[in-house]
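Just add 1 to the spot in the sequence shown (first one is 1) and you have the working numbering.
Positions of the beta carbon are idealized from the N, C-alpha and C atoms, including for glycine.
As the structure is a computational prediction, the values presented were derived from the model and not from experiment.
Below you'll find the structure, written out as structure tokens, and then a few comments.
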Amino acid sequence: MFKGLLLVLIIACSISAPVAIAAVDINAGMSAEWTFEEGSGGVVRDTSDNNNNAVLMNGPTWVKDGIGTAMQFDGIDDYLDAGAGANLDITEKVSLEAWVNPAKPSFGEPSVLGKDMSAYTLTWSGTKMMFYINRGGINCKAEIPLNEWSHVVGTYDGSRLRLYVNGKLVSGRIMRKPGTAIRSRGDSVQLGRRSEKGYYCGMIDNARIFSRPLSAKEVKSHYDEEVKLIKKKPVVSRDKLKGLALKVYDAGTKPTTLVIKETETVYADMTVPSNICLQFQMGGMIHVSKGVVLKLDCPLQPLLTQIFTGPGSVVFKKGSIDKAYPQWWGAKGNNTGDDTKAIQAAMDSFPTGGTVRFPSGTYLTSSTLKFYSDLTMLGPATIRCTKAVPAIIESYNPKAGSQGLRVKGMVFDGRALNGDLSTIGINFTNVCSSSLEDVGVEYCETGIMMDGSIFCGYNSLMRMAIGVCTVGIELKNSAIKNTLIGSNIGAVDIGILVTTTNELDIFGLSIEGFRLVGIDVKRGDTVNMQHVYFANNDEDAIGIRIAEQVSACTIVQPRFSDVTTPIDNHSSRTMILSTDYKN
């Protein structure tokens with residue numbers, strides 16, 4: 002708890018009037034406070050004395066960082082549960098405050114501190130901190146840096162949201178309806194997780210909840226009081242530096258080209274600033290030691306050969322280069338060896354978005370490739386599995402979701418060397434606002450999985466080629482507003498399987514050689530099919546099957562060749578325009 006009272010002296014300028022002293026408690030309205038100064042144990046005490054103690058779930062760790070001791074979360078399953086005490090059931094005005102040090106961008110919107118978007122929360126979205134009041138309501142957001150401590154405060158006074166970063170107002174929004182109540186429904190307050198939206202990766206310290214809006218002066222006062230207590234990284238003197246770090250230090254701030262002729266080693270976390278250009282000559286490489294992160298805010302003059310080695314990580318600032326190549330990490334792309342680590346390193350080098358270019362060739366992988374939001378993958382190239390995997394490619398946290406994946410000119414082959422099929426080719430579980438163009442998927446149980454268990458929508462699949470799969474494309478759990486255009490699906494049991502969807506548009510598809518059903522819609526709302534061609538030689542195959550539970554299905558100008566049962570419709574809300582199809 003903040004120490005002491007803020008004393009305001011009100012001096013009456015009167016001979017007979019005495020001096021009056023009014024005390025303003027800066028802790029007024031504090032519902033909960035967690036300072037993490039215990040340093041160990043399975044419970045974080047609520048130092049506001051309101052008994053909202055937080056229980057450690059799945060192993061977050063105490064660390065000597067921040068203001069004394071902080072809590073570190075792994076981004077996988079760690080969080081704190083502070084329960085649903087009565088004084089956390091705030092419905093009118095609120096302030097949320099915390100020191101945060103995020104280690105990675107998020108792939109959903111995990112809560113740093115709060116209940117849920119149905120009430121109040123500070124969330125970590127991509128590389129932005131967001132302050133929400135009520136699900137579907139407005140929010141304030143601002144970029145904050147990775148691997149640095151930032152003081153974040155969100156306030157709501159009943160009509161306006163404000164977001165402060167490091168004592169300064171950075172964003173403000175007015176509610177559509179001033180006086181809107183907070184829809185607090187008794188959910189527990191959590192730190193490091195929001196239900197179904199993933200987990201926060203990084204550190205949190207000195208988190209607080211108030212049942213009133215902090216003023217701008219109070220926010221600034223809190224920041225000024227605590228920033229001087231944050232542990233500072235020790236300044237390393239020049240005589241302690243070596244390798245690339247020494248050369249960068251000596252370059253200073255003037256524009257400099259550093260020529261990499263041989264192996265330069267990076268021993269500790271470091272950043273190469275934008276005034277430096279790294280020029281690689283044949284044989285020149287940078288070795289990044291284990292556990293070390295090399296941040297490159299600078300341009301490169303590379304060769305299409307290996308220029309990075311070692312177990313550490315290389316991270317590019319968004320916009321510092323236009324693309325990276327797996328060859329920079331040693332990928333061969335010649336259908337021999339294992340390129341998994343090199344491809345993953347290239348994809349990981351853009352945590353906030355970027356482009357990975359695959360020169361023509363066949364790249365062999367032995368495990369699932371993971372992507373961050375806003376990643377672009379460009380071919381022409383084939384990625385082939387040497388053994389069956391759960392998915393050839395998926396987001397880092399499918400349970401939380403991601404957005405902005407763009408893939409063009411790639412083929413994903415799930416056939417293992419022993420002939421087994423991978424489970425899923427491209428896993429679009431909870432992926433939104435993404436596109437696949439001129440992409441092939443083959444030899445998988447399911448070519449593309451579009452699962453909207455949280456949100457899978459606004460995705461576009463164009464000129465796809467999907468074959469030798471049990472199911473070509475599956476949509477389930479209310480995947481919404483997805484579009485399939487001008488694609489070919491063949492040699493499958495079921496071309497497109499729709500278990501649940503909303504607003505699915507299918508244009509100009511060709512489904513050939515299906516053994517059971519071309520398009521099987523079991524449940525859905527607003528399914529539109531236009532100019533879809535079906536061809537098959539199996540006597541018992543069905544072109545389109547519409548279940549009774551399907552509402553608002555429209556079929557326009559379908560064409561059938563050698564299909565025994567063109568349309569098997571059981572829904573009273575199916576509209577077939579032009580039944581003069583060929584069979």
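Cβ of residue i within 8 Å of Cβ of residue j?
| i | j | result |
| --- | --- | --- |
| A104 | A83 | no |
| S403 | S374 | yes |
| G338 | L365 | yes |
| Q550 | R524 | yes |
| D66 | K116 | no |
| L245 | I277 | no |
| K291 | P312 | yes |
| H223 | E93 | no |
| G491 | G468 | yes |
| V95 | V153 | no |
| E110 | R209 | no |
| S212 | I91 | yes |
| I393 | G415 | yes |
| K318 | D298 | yes |
Where does residue i land, buried or exposed, given buried means 16+ other C-beta within 10 angstroms?
| i | result |
| --- | --- |
| Q307 | buried |
| Q73 | buried |
| E144 | exposed |
| A382 | buried |
| T122 | buried |
| P235 | exposed |
| A23 | For A23, the pLDDT reaches just 42, beneath the cut-off of 50, and the residue's location in the model is therefore unreliable, although a value from the coordinates is still provided. So A23 ends up on the exposed side. |
| Q282 | exposed |
| V25 | Note that V25 scores a pLDDT of 47, beneath 50, so its modelled location is shaky; the value from the coordinates is reported in the next line. Burial call: exposed. |
| D225 | exposed |
| Q191 | buried |
| N328 | For the record, residue 328 in the displayed sequence is Gln; it is not Asn. Buried is the call here. |
| D323 | exposed |
| R186 | exposed |
| M576 | exposed |
| S112 | buried |
| S573 | exposed |
| K169 | exposed |
| S32 | buried |
Compute the Euclidean distance between the alpha carbons of residue i and residue j, then round it to the nearest angstrom.
| i | j | result |
| --- | --- | --- |
| E34 | S160 | 25 Å |
| V294 | D50 | 40 Å |
| Y326 | A347 | 6 Å |
| N589 | N428 | Nothing can be reported for residue 589, as the shown portion of the chain is limited to 2 through 584. |
| M131 | F456 | 19 Å |
| N59 | V267 | 33 Å |
| K229 | A480 | 48 Å |
| N135 | A120 | 5 Å |
| S41 | I68 | 15 Å |
| N529 | C554 | 6 Å |
| G441 | G173 | 45 Å |
| K221 | T62 | 29 Å |
| T424 | E446 | 5 Å |
| K232 | Y80 | 23 Å |
| S238 | M271 | 14 Å |
| P214 | C470 | 56 Å |
| R407 | G30 | 47 Å |
| E39 | V64 | 11 Å |
| S151 | T257 | 31 Å |
| S552 | I384 | 39 Å |
| N503 | M451 | 12 Å |
| L422 | V357 | 26 Å |
| I547 | N538 | 21 Å |
Could you pull the DSSP bridge partners for residue i from this structure?
| i | result |
| --- | --- |
| Y80 | M58 |
| C554 | V528 and T575 |
| C470 | C445 and V493 |
| Q282 | DSSP lists no partner for Q282. |
| A99 | V153 |
| A325 | V357 |
| D75 | C202 |
| Y397 | DSSP output for Y397 lists no bridge partner at all. |
| H288 | T266 and T310 |
| V518 | I495 and I543 |
| Q191 | D82 and G115 |
| F535 | I512 and F561 |
Handout entry: Segment contact flag, the stretch 173–185 with the stretch 122–129, C-beta cutoff 8 Å, min 3 pairs
Key = no
Handout entry: the stretch 482–498 / the stretch 509–524 touching (three or more Cβ pairs under 8 Å)
Key = yes
Problem - the stretch 459–471 in contact with the stretch 428–438 per 3-pair CB rule at 8 Å - result: yes
Handout entry: the stretch 531–551 / the stretch 560–574 touching (three or more Cβ pairs under 8 Å)
Key = yes
Problem - Inter-stretch contact at 8 Å, needing at least 3 Cβ pairs: the stretch 243–256 / the stretch 191–206 - result: no
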